[in-house]
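First residue of the sequence shown: 1, per full-length UniProt numbering; consecutive thereafter.
Every residue gets a Cβ at the ideal spot worked out from N, C-alpha and C, and that includes glycine.
Inspection log for the structure reproduced underneath, given as structure tokens.
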Amino acid sequence: MRFDLKVPFAEKDAAKKLGARWDAANKLWYVMDKEDMAPFAKWSPSPRDAASATAPQSRAPAKSQMETSGKLHVGSQYVERPRVCECLPWEDCATCRALN
Numbered sequence: 001m002r003f004d005l006k007v008p009f010a011e012k013d014a015a016k017k018l019g020a021r022w023d024a025a026n027k028l029w030y031v032m033d034k035e036d037m038a039p040f041a042k043w044s045p046s047p048r049d050a051a052s053a054t055a056p057q058s059r060a061p062a063k064s065q066m067e068t069s070g071k072l073h074v075g076s077q078y079v080e081r082p083r084v085c086e087c088l089p090w091e092d093c094a095t096c097r098a099l100n
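What follows is the structure in structure tokens.
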């Protein structure tokens with residue numbers, strides 16, 4: 001029987017040593033057919049977590065979350081900056097560094 005776990009990223013190695021496996025499709029850790037579940041008790045999801053896992057979730061962040069991040073500019077706040085060189089946007093070339 002499969003038992004889903006709620007493992008924080010910092011504890012993933014400990015869970016893996018105990019035999020937990022990563023489900024990439026659902027992005028969670030789980031164990032299969034373990035007789036002794038005591039070592040995994042601290043990662044047992046609460047009933048509220050289980051209910052929210054079955055409910056459909058939207059991928060779009062909340063409006064308040066977008067406004068407070070300070071990095072996402074859409075709509076009337078968007079300002080397109082002219083290209084100064086032919087480098088890719090994520091590369092850091094000497095020309096781009098000189099402008100910053």
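Original post:
Do you know how far the Cα of S44 is from the Cα of A14?
Top reply: 14 Å
Original post:
Is R83 helix, strand or coil when you go by DSSP?
Top reply: coil
Original post:
DSSP state of D4, grouped into three classes?
Top reply: strand
Original post:
Closest to E11 by CA distance: which of R81, L28, M37 is it?
Top reply: L28
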